[in-house]
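S.K.:
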Amino acid sequence: MITIICGDPGVGKTALMTNFGVSYLQYDADYELAKDKINNYNNMGYNLSTPSHLVFSDYKISYNLYGKNVESYFCNGYYLGMPNAQHPTMFLPPYSKIFLSEAQRYYDSRKYNSFSDFISQFYEQHRHYGLQIYLDCQRVGLIDLNIRGISTRVILVESMNNDIDSHGRIISNHWQCREFSSAIECERYLDTLDKNIGQSITISHDNTIEQFPTPVFRDTPQFATRSNFRLIKSKSRINLPVNIFDNYESCNKELAFLRGRKGHDFSLYKHLTDDMYINDLDDIYSFDAPRTFYKLPDKALAEIPKGRVLTI
């Protein structure tokens with residue numbers, strides 16, 4: 062699932078996205094499934110490490126769990142994409158949760174003609190690998206047309222309020238939002254302010270108790286847990302004798318995320334700290350757009366060795 066979080070500057074977009082990230086650091090129903098997948102990949106000849114969690118972000122998300130500080134892994138949107146020979150991409154575990162702040166810097170809608178196929182394919186096929194992607198931006202129209210076209214959840218943050226105790230400490234946060242099932246629906250609301258478009262919701266975070274993520278309902282059984290499906294009691298005209306998902310491979314592009322990755326490990330980077338020495342070769346920490354991120358001229362593409370895959 063791709064979720065776009067948008068709203069005016071300072072309204073609490075990144076705070077809300079952080080709320081989702083912290084929830085997954087605290088508890089992730091997909092983590093055991095990810096470990097099983099990684100074991101299966103290793104049985105296929107890969108040599109992959111098991112991450113301590115599945116949260117990746119381009120800014121630091123941290124949570125104190127039983128006295129131990131847990132941090133998200135670092136992720137750079139300029140290095141997300143399918144395995145390819147033109148541009149190095151991060152190798153993320155299955156079921157990863159990806160959080161990108163001010164995502165228009167990576168996926169500026171004005172440059173949609175310049176994006177390489179390996180970027181579009183990554184977003185088009187993300188559910189085959191169980192990925193969940195969260196993007197925040199000031200307006201949904203700033204995000205690449207293709208990406209926002211396949212986003213199935215858009216949250217417009219309208220305001221944020223904090224509850225404070227007698228000592229002045231923030232004990233809970235509340236976001237007043239409007240939720241839409243598509244970017245088109247969100248843009249239509251912004252143009253008309255028609256209250257019949259979308260749904261008004263409040264999302265709250267209580268800092269005094271453990272939070273758990275709202276179950277995500279996906280249409281992909283291979284990347285699902287019992288919490289992913291609603292139990293619906295309703296009349297049905299036909300009772301099928303088999304699960305419809307047994308009749309086709311809904312995740313048939315899963316292995317495309319592994320192509321050429323044998324001998325590579327997952328890209329489990331720490332966030333930058335003041336005592337880390339970063340030299341000029343560490344491109345992963347640069348937020349300048351690499352030249353190879355965009356489409357290259359045909360002559361340059363012809364010079365790229367065939368069959369290689371670059372991982373960063």
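Per the numbering used here: the sequence shown ends with 373, consecutive numbering throughout. From the three backbone atoms N, C-alpha and C, an ideal C-beta is built for every residue, glycine too.
Measuring CB to CB, does Ala146 end up less than 8 Å from Lys314?
M.R.: For Ala146 and Lys314, no; Cβs fall outside 8 Å.
S.K.: Would you say the segment 215-227 touches the segment 347-355, given that touching needs at least three Cβ pairs under 8 Å?
M.R.: Counting Cβ pairs under 8 Å, fewer than three are found: no touch.
S.K.: Apart from the five residues just before and just after Ala164, which ones in its own chain have a Cβ nearer than 7 Å to its Cβ?
M.R.: Cβ neighbours of Ala164 beyond the five flanking positions: Gly138, Leu196, Asp197, Cys198 and Ile204.
S.K.: Do Ile122 and Phe179 have their C-beta atoms closer together than 8 Å?
M.R.: Cβ atoms of Ile122 and Phe179: not closer than 8 Å.
S.K.: Quick one: what does DSSP say Cys136 is sitting in, helix, strand or coil?
M.R.: Coil.
S.K.: For the beta strand (DSSP E) that contains Ser261, what are its first and last residues?
M.R.: Here the beta strand (DSSP E) through Ser261 covers Gln260 to Asp267.
S.K.: Whole angstroms are fine: how far does the CA of Arg369 sit from the CA of Lys360?
M.R.: Taking the straight line joining both Cα atoms gives about 18 Å.
S.K.: Taking C-alpha atoms, which residue in Tyr140, Ser113 and Phe81 lies nearest to Ile131?
M.R.: Going by the sequence as given, residue 131 is Val instead of Ile. The shortest C-alpha separation from Val131 is found at Ser113.
S.K.: With DSSP as the reference, please indicate the residues paired to Asp25 in a beta bridge.
M.R.: Limits of the chain in this structure are 62 at one end and 373 at the other, which puts residue 25 out of reach.
S.K.: Assign Ala95 to one of two classes, buried (16 or more other C-beta atoms within 10 Å of its C-beta) or exposed (fewer than that).
M.R.: Classification for Ala95: buried.
S.K.: Spatial neighbours of Ile63 within its chain, please: CB distance less than 6 Å, with the 5 preceding and 5 following residues excluded, ordered by chain position.
M.R.: Only Ile194 and Ser212 meet the Cβ criterion.
S.K.: Compute the Euclidean distance between the alpha carbons of Lys323 and Ala317, then round it to the nearest angstrom.
M.R.: Whole-angstrom Cα-Cα distance: 12 Å.
S.K.: Verify whether the separation of the beta carbon atoms of Pro149 and Phe327 is less than 8 Å.
M.R.: No; because the gap between Cβ atoms is not below 8 Å, this pair is not in contact.
S.K.: Grab the span of the beta strand (DSSP E) containing Leu196 for me, first residue to last.
M.R.: Counting along the chain, the beta strand (DSSP E) containing Leu196 begins and ends at Gln193 to Cys198.
S.K.: Return yes when the Cβ of Val116 is within less than 8 Å of the Cβ of Leu141, no when it is not.
M.R.: Result no, Cβ atoms of Leu141 and Val116 do not sit closer than 8 Å.
S.K.: Checking 8 Å against the spacing of the C-beta atoms, do Glu248 and Val201 come in under that value?
M.R.: Their beta carbons are under 8 Å apart, which means Glu248 touches Val201 by this criterion.
S.K.: In whole angstroms, what is the alpha-carbon distance linking Glu271 and Arg230?
M.R.: Because Glu271 carries a pLDDT of 44, less than 50, the predicted location of this residue cannot be relied on, and the following value inherits that uncertainty. Taking the straight line from one Cα to the other gives about 17 Å.
S.K.: Evaluate Met105 with the Cβ neighbour count: other Cβ atoms within 10 Å of its Cβ, from every protein chain shown; 16 or more gives buried, anything less gives exposed.
M.R.: Exposed: under 16 other Cβ atoms inside 10 Å.
S.K.: Under 8 Å between the Cβ atoms of Lys74 and Gly68?
M.R.: Result yes, Cβ atoms of Lys74 and Gly68 sit closer than 8 Å.
S.K.: Using the C-alpha atoms, what's the distance from Trp236 back to Leu77?
M.R.: Rounded to the nearest angstrom, the two C-alpha atoms are 7 Å apart.
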